[in-house]
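So the protein lines, in turn, are chains C and X.
With my numbering, the residue at position 146 of the first sequence is 146, and numbering never jumps.
Here my numbering runs 1000 ahead of the position in the second sequence, where the first position is 1.
Ideal Cβ placement from N, Cα and C applies to all residues, glycine included.
All figures in this text were calculated on a predicted structure; none of them were measured in a lab.
A quick write-up on the structure given underneath.
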Amino acid sequence: MAAELVVDGLSVARAGRRVLSDVSFALRPGDVVAVVGPNGAGKTSLLQAIVGLVRAADGHVTFDGKVLRSLSHHSAVFSYMPDDAEPPGEATVHTVIAHAERFGRPPPHLAGELKERLGVGRLAAQRAGRLSRGEKRRVALFAALCTARPVVVLDEPLATFDPLQLLEVLPVLRERAAAGTALLLSVHQMSDAEKVASQILVLDGGAVVAFGALAALRARVDRSDASLEVVVLELLRGRERDVRA
Amino acid sequence: MFARELAIVLRARVTWLQAALSALLVGHGFVLAIDVYSAGSRSAATQRLMAGEFDPLLGIVRPTLGGLYLALSLLGPLVAARALSIEKERRTFGALLLQIGAPLRLVLTKTGAALAGAALQLVAPMLLLVAWWTVGGHLGAVETAVAFVAYLLYLALVTSIGMAAAAWTETFAQAATVAILVVTASWAIDASEGFAALAWLGRALDWSVTTHLTPMERGTLLLGACLWMASVTAGALALAWVGVRIDLDRPRRIAALVLVLLVTGTASALAHRGRRGFDLTEDRRASLPGGVEEALRALPGRLAVEVYLDRDDARRRQLESDTVAKLRLARPDLDVIAPTDMRPEPAELDRDAGYGRVVVHAGGGTRETHSTSRREIVTLLFEAAGRPVPDWSQSEYPGYPFVVDGMQRTALVVIAYAAIPLTLMSAGWVLTRS
């Protein structure tokens, strides 16, 4: 059986307030799970807790049946790109690329392919601080994807790209998943999530509202041809009604 | 990884700005030093006996390094703290930690890069001393190197404190403030000398950086001072390592913090026991005459000197910096006891007839004096031990009076105030824009 990432009953408290409650789901190699939800739903907290950057108040994360406890455990499993993080502005793109290759230990040819597909190779001589926002994001994406680690966690990886750029970036994500990497990403734009995700995790108020493939979520709200945006809105309204009731 | 970290440090404006500011401070100290040294040297030209007093280590090197001490203390922590804090402010810290997977490696690599950046402060004193030597001034290579070794150790200490502060705080501003406060805490301890209100801090003198730097600035390589700086540096790095361990829960982090503080405190206290020193000055002028040293080493049992003088009494300071320092080079096991330090209030409040006594113990005998003269105290040690006083002859340090004036002075002033700071600024401008 292929190694599976299991998030089991994960809860996180920040400044005495519970921001995640009892989140559970599983991620298999090749899966692309998009975490969606309104602002403040706990998307970033969930990703940070999974990769070990925020301590869980409850629950745990296992990979291949082993509970991930220490930094070295998490480091062996995850490659992580934080939200709005930028590559160091003082370093050249070449330095950032070399650093990513050194520590990501990607399989042969992956670095070359990613450089080509994400267009970062041509930026190599430039200082990262002088790049446009989109270019910086491509470099950061390269650093996260250029790895042999089995799970890549990306916080809002698509937010800065325009539709044309997305046409270049989304296939790269799909290819990484097809190669067996499990991708977990938080996505703000539902249309972007719909294009790339094999499974959707809908989060609201720190709790899981729904988890499954788009078809399953459509079935749940009884809207067989609805877009993800409509489905998520329906799910969130349904949850609100439940909470009020 | 080092290339990335080095780029973050060396392509930051603050790195070059601190180097240029430090160069100005150091340059100012250097120009004042050559002016004072030259003024004195003019008199020495007519009075040969005065020449021996002209010691470039104390007259030129030490005042020049004085500016470096100030700059390293205030500006060094900025470079060190920024190397790590910037990752937190850019939100790349967690991802970097995960990417590397080894917190210690992260801390050490960042520290190495920060050291390289802060070490730019050493450029100015080195170039200025080369300039002094080029215009004909004298420099003892080994004794000057010892003074620089002391500052290299201090540089490592300041850098590691900056790194520890950055590891335990969230922003650069917080880290810089904490680091500068910790580094300058040593100044408060130093201020306790001669300032009754801070006399209670006098017992912490062993924790002052100056206590460890001063002997080495005078060309004496002290094992204990080197070990102390190394142990505090290692302790600060260990604190930084605990600080970046975000995978540890709060109780374990606090426990690790306390453990590191305890171990560092113990190690640095033990470092003080390493009293062995090596006089690397020219003509061994920091030591007692060779014959006296040999005879002192041959004295049986432990030697002790009891000093009934307040910590802020000039006679006590003179005794410690001269007689005791020289005696310790010959006999590292010398005990110096100051009963006045045990009193809760400054001794001048209840000075009695016994105040000012210096009691020496050697070979079972005891002698007493009110003099703090080196020769008197050494003589009494031999008398107490019932041994004859050995031959006191010692090769005289010739001294190196040297006058810098006219075009030479102008050239040195231009180098100190303009050439070096501007070169550093220009190098920084080019590097940060390339």
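Kindly list, in the order they appear in chain C, the residues whose Cβ is closer than 7 Å to that of X/P1103. L71
Counting only beta-carbon separations shorter than 8 Å, does X/T1109 have a partner in chain C? no
Three-state secondary structure assigned by DSSP to C/F161: In the structure shown, C/F161 adopts coil according to DSSP, grouped into three states.
How long is the line joining the alpha carbons of C/H109 and C/T181, rounded to whole angstroms? 15 Å
Cβ of X/I1008 less than 8 Å from any chain C Cβ? yes
Within-8 Å CB hit, C/S45 to chain X: no
Please identify the residue among X/S1043, X/A1114, X/L1096, X/E1396 whose C-alpha is closest to the C-alpha of X/W1018. Sequence inspection shows Gln at residue 1018 of chain X; the Trp mentioned does not correspond to that position. Of the candidates X/S1043, X/A1114, X/L1096, X/E1396, the one whose C-alpha sits nearest the C-alpha of X/Q1018 is X/A1114.
Using the beta-carbon of each residue, which ones in chain X are nearer than 8 Å to C/H188? What C/H188 touches in chain X: nothing, since even the nearest Cβ is about 17 Å away.
Along chain X, in chain order, which residues have C-beta atoms closer than 7 Å to that of C/L53? G1094, I1246
Segment limits, beta strand (DSSP E) that includes C/R130: Premise fails: C/R130 is in no beta strand (DSSP E) and is neither H nor E.
Can you pull the chain C residues whose beta carbon is under 8 Å from the beta carbon of X/A1003, in chain order? A91, T95, A98, H99
Residue burial classification, X/F1002 (beta-carbon count within 10 angstroms, cutoff 16): exposed
Taking X/L1078 as the reference, which of X/P1401, X/R1013, X/G1101 has the closest Cα? X/R1013
What is the DSSP secondary structure of C/F211, counted as helix, strand or coil? Here DSSP, grouped into helix, strand and coil, assigns C/F211 to strand.
Are any of the Cβ atoms in chain X nearer than 8 Å to that of C/R102? Taking Cβ atoms only, chain X reaches closer than 8 Å to C/R102, which makes this a yes.
Decide yes or no for the touch test of the region 1037 to 1046 of chain X against the region 1091 to 1101 of chain X: beta carbon pairs closer than 8 Å, at least 3 of them. Taking 8 Å as the limit for Cβ pairs, the verdict is that the region 1091 to 1101 of chain X does not touch the region 1037 to 1046 of chain X.
C/V152 beta carbon less than 8 Å from that of C/A144: yes
For a test of the three-state rule: what should DSSP assign to C/R174, helix, strand or coil? Helix at C/R174.
Which partner residues does C/R17 have in the DSSP bridge list? C/R14
Run down chain C in chain order and give the residues with a C-beta less than 7 Å from the C-beta of X/Q1318. The premise fails here: X/Q1318 is roughly 50 Å from chain C at the closest Cβ pair, so nothing lies under 7 Å.
Which chain C residues are close to X/R1090, counting only those with a beta carbon under 7 Å from its beta carbon? A85, E86
With a threshold of 8 Å between beta carbons, is C/P82 in contact with chain X? yes
X/L1424: contacting residues in chain C (beta-carbon distance under 8 Å): Simply none; closest approach about 17 Å.
State the beta-bridge partners of C/D155 as determined by DSSP. C/S186
In chain order, which continuous runs of the alpha helix (DSSP H) of length 4 or greater are located wholly inside the region 1314 to 1389 of chain X? 1314 to 1318, 1325 to 1330, 1374 to 1385
Does the region 1119 to 1139 of chain X touch the region 1408 to 1425 of chain X, meaning 3 or more C-beta pairs lie closer than 8 Å? yes
If we ignore side chains and look at the alpha-carbon of each, how far apart do X/D1310 and X/L1153 end up? 31 Å
Assign X/S1085 to one of two classes, buried (16 or more other C-beta atoms within 10 Å of its C-beta) or exposed (fewer than that). buried
Beta strand (DSSP E) runs contained entirely in the region 1220 to 1271 of chain X, provided each spans 3 or more residues: 1220 to 1222
For the beta strand (DSSP E) that contains X/E1306, what are its first and last residues? Element bounds for X/E1306: 1304 to 1307.
If I'm right that X/V1307 touches X/A1353 with Cβ under 8 Å, what's the distance once you round it to whole angstroms? Incorrect: roughly 16 Å between the Cβ atoms, too far for contact.
Meets three-Cβ-pair contact criterion under 8 Å: the region 127 to 139 of chain C and the region 58 to 75 of chain C: no
Taking all protein chains shown into account, do 16 or more other C-beta atoms lie within 10 angstroms of the C-beta of C/P107, making it buried, or fewer, making it exposed? exposed
Rounded C-alpha distance that separates X/L1128 from X/G1162: 27 Å
Top-ranked residue by Cα proximity to X/R1011, from C/R18, C/A128, C/K43, C/V23: C/A128
Looking at X/R1315: is its Cβ nearer than 8 Å to the Cβ of X/T1233? no
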